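Peer 1: Here the sequence shown is numbered in my numbering, starting from 486 and rising by one per residue.
Quick reminder that beta carbons are idealized off the backbone N, C-alpha and C, glycines included.
No experiment lies behind these values; they were computed from the predicted model shown.
Okay, here's the structure, questions in a sec.
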Amino acid sequence: MSTRKHLKYKYLKTKIALSQTIQQLLEINRKRRFFKEDPVRENKLNEELKVLNATAEIQARTLKGYEESIQALERA
486 MSTRKHLKYK YLKTKIALSQ TIQQLLEINR KRRFFKEDPV RENKLNEELK VLNATAEIQA
546 RTLKGYEESI QALERA
């Protein structure tokens, strides 16, 4: 597999993973509306939210790096 194809493959895989992470974040935000009276459950959701936010941030940075690398290869 060429470098460009390999980068595009990793880019697509990361993009899919980021999309799934965002969907999980949205689902947790929907659940939080219903569990406001249950502090234990809300704390658990908040912890999950922190982890997913950190994961999404890392995936977004990785995606941006792949985009820049692909653009640099296309210019060369």
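1) What span of residues does the alpha helix (DSSP H) with S554 cover, start to end?
2) Could you give the DSSP three-state label for S504: helix, strand or coil?
3) Out of T506, A561, R518, which one is the CA nearest neighbour of N538?
4) With H, G and I counted as helix, E and B as strand and the rest as coil, what does DSSP make of K516?
5) Could you tell me the distance, in whole angstroms, from the CA atom of T488 to the CA atom of K535?
6) Within a Cβ cutoff of 7 Å, which residues of the same chain sit near V525, ignoring the five residues on either side of it in sequence?
7) Assuming the contact rule is C-beta atoms closer than 8 Å, L492 and A541 should be a hit. Round their C-beta distance to whole Å, please.
Peer 2: So, to answer that:
1) Here residue 554 refers to the residue found at position 69 of the sequence shown. Element bounds for S554: 524–560.
2) Walking along the sequence shown from the start, residue 504 turns up at place 19. Helix, per DSSP.
3) Within the sequence shown, the letter at position 53 stands for residue 538. Residue T506 is the option with its Cα nearest to N538.
4) Locating residue 516 in the sequence shown gives position 31, where the first residue counts as 1. Three-state result, K516: helix.
5) The sequence position of residue 488 within the sequence shown is 3, counting from 1. The sequence position of residue 535 within the sequence shown is 50, counting from 1. If you take the alpha carbons of T488 and K535, they lie about 34 Å apart.
6) The residue labelled residue 525 in the question sits at position 40 within the sequence shown. Cβ neighbours of V525 beyond the five flanking positions: none.
7) Here the question's residue 492 lines up with position 7 in the sequence shown. Here the question's residue 541 lines up with position 56 in the sequence shown. Between A541 and L492 the Cβ distance is about 21 Å, and since that is not below 8 Å, they are no contact.
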